[in-house]
Amino acid sequence: MARLQLRNLEKDYGGFKAVHGINLDVNDGEFMVLVGPSGCAKSTTLRMIAGLERVTGGEIRIGDNLVNDKAPGERGIAMVFQNYALYPHMKVRKNLSFGLRLKRRPKDEIEQATRDVSNILEIGDYLERLPKQLSGGQAQRVAVGRALIKKPQVFLFDEPLSNLDAKLRASMRVRITDLHKQLKADGLQSTVVYVTHDQTEAMTMGDRICVMKEGRIMQVADPVTLYNRPANAFVAGFIGSPEMNLLEADLADSTLSIGSQRLPLGSDVMARLSQTAAKRLTLGVRPQHFRVAGSDEAGTLAGKVSHVEFMGHEVYLYVKVEGSQVIAVVPSAQYDRSKISGDTVYLAPQSENIHLFDRVSGENISLAKLD
1 MARLQLRNLE KDYGGFKAVH GINLDVNDGE FMVLVGPSGC AKSTTLRMIA
51 GLERVTGGEI RIGDNLVNDK APGERGIAMV FQNYALYPHM KVRKNLSFGL
101 RLKRRPKDEI EQATRDVSNI LEIGDYLERL PKQLSGGQAQ RVAVGRALIK
151 KPQVFLFDEP LSNLDAKLRA SMRVRITDLH KQLKADGLQS TVVYVTHDQT
201 EAMTMGDRIC VMKEGRIMQV ADPVTLYNRP ANAFVAGFIG SPEMNLLEAD
251 LADSTLSIGS QRLPLGSDVM ARLSQTAAKR LTLGVRPQHF RVAGSDEAGT
301 LAGKVSHVEF MGHEVYLYVK VEGSQVIAVV PSAQYDRSKI SGDTVYLAPQ
351 SENIHLFDRV SGENISLAKL D
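Spelled out as structure tokens, the structure:
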């Protein structure tokens, strides 16, 4: 069993608290992604799991074992670093097998394991090359292979794709997720904790995603839930591309005041509000949830178009609404230039996809379930 548990985990650097008592369960065989902006302590958390950073408070359990005071090599983990960390003087074959040779495993076992891993990752042709003779993608696959050959309980990835170009990152995302699925299908240990600042990696790779900010967990959920039901304004603004539009608003009865404009809320939106709904709010609408409306339609926000980007199947409209920039993403087939009067456009948000956040706490108060 390779379940990972973090309980009230803390990290203090002599008065600066980097990690604030986080709690997280990673299930056996799960692909968990830690994501957040630079400085949110996601890598620090990973390094504490690995035993590379001392734990200030709380517990780390891998399987049934408390590992706080265990050395990295005794924790049943294998880590893939951002810079690959291959031994430059060793050929790929020896880089892959180094951990097994260190444990004095039998020679035939080492050779078989090396063949198996090189076949899985398609690096058999590179076994006699030095790391300097490999491309970035090849070197990364060797680094993954060196972790895989150890058959650890938990795989740890620390921003492993950040040094690759965009095309190679996309292909490596697929390789790593396919490898995870293959390990699960074969009944092998496949628990993964993967750190990235790239929300595209997080959304496409993770079974669940842990969104972090300033050493605290903001939300843990699957990608669909994070996108459709963000727990707070931070998650709403961080997850999604382009990011969610957030506008300050005041609620009176069933109408939002956004600067000088009024946006009536339908009964479906009002039914979703929590009973303690605040009056000073932030309106959240994803760019894909706006429609370009006519000037005579109700329930719209008027703004000035500052820029238009044609992206092939979509059009990005950059619109100034009450001093704030709003982005609307419209399918090219539905983009009607005639509905823009001069540089003025009327945007109608989809009622069912409106989010309302408490302006003070940031909490999403529009997630209450309908009875």
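Last residue of the sequence shown: 371 (UniProt numbering), numbering continuous. Where a beta carbon is used, it is the ideal one built from N, C-alpha and C, also for glycine. All values derive from a computational prediction rather than experimental measurement.
- DSSP places residue 316 within a strand segment (E or B) once states are collapsed to three.
- The beta carbons of residue 263 and residue 255 sit closer together than 8 Å.
- Taking all protein chains in view, the Cβ of residue 194 is crowded by 16 or more other Cβ atoms within 10 Å, so the residue is classified as buried.
- Taking every protein chain shown into account, the CB of residue 271 has fewer than 16 other CB atoms within 10 angstroms, so this residue is exposed.
- For the pair residue 319 and residue 347, the CB atoms are nearer than the 8 Å cut-off.
- Approximately 6 Å separates the beta-carbon atoms of residue 158 and residue 46; this is inside 8 Å, confirming the contact.
- By the Cβ rule, the stretch 91-111 does not count as touching the stretch 170-182, because fewer than three pairs are nearer than 8 Å.
- Between residue 36 and residue 212, the CB-CB gap stays under 8 Å.
- In this structure, 306 is the residue among 160, 83 and 306 with its C-alpha nearest to the C-alpha of residue 321.
- According to DSSP, residue 7 shares a beta bridge with 59.
- Taking C-beta separations shorter than 8 Å and ignoring five residues to either side along the sequence, the partners of residue 314 in its chain run 329, 330, 331 and 332, following chain order.
- The residue among 123, 177, 225 and 198 with its C-alpha nearest the C-alpha of residue 190 is 177.
- In the three-state reduction of the DSSP assignment, residue 250 falls in the strand class.
- The Cβ atoms of residue 288 and residue 239 do not sit closer than 8 Å to each other.
- In the three-state DSSP reduction, residue 17 falls in the strand class (E or B).
- The alpha-carbon of residue 217 is positioned some 32 Å away from that of residue 267.
- In this structure, residue 356 sits near residue 273, with a CB-CB distance shorter than 8 Å.
- For residue 110, the uninterrupted alpha helix (DSSP H) segment begins and ends at 107-120.
- Take the alpha-carbon of residue 354 and the one of residue 244: they are about 11 Å apart.
- Under the DSSP assignment, residue 308 falls in the beta strand (DSSP E) whose first and last residues are 301-310.
- In this structure, DSSP gives residue 262 an extended state, which the three-state scheme calls strand.
- Pairing residue 249 with residue 293, the inter-Cα distance amounts to about 21 Å.
- Contact annotation: residue 22 and residue 9 have beta-carbon atoms nearer than 8 Å.
- Around the CB of residue 128, fewer than 16 other CB atoms lie within 10 Å, so the residue is classed as exposed.
- Contact annotation: residue 52 and residue 88 have beta-carbon atoms that are not nearer than 8 Å.
- The beta-carbon distance between residue 99 and residue 61, rounded to whole angstroms, is 23 Å. This is too long to meet the 8 Å contact definition.
- Here DSSP, grouped into helix, strand and coil, assigns residue 85 to coil.
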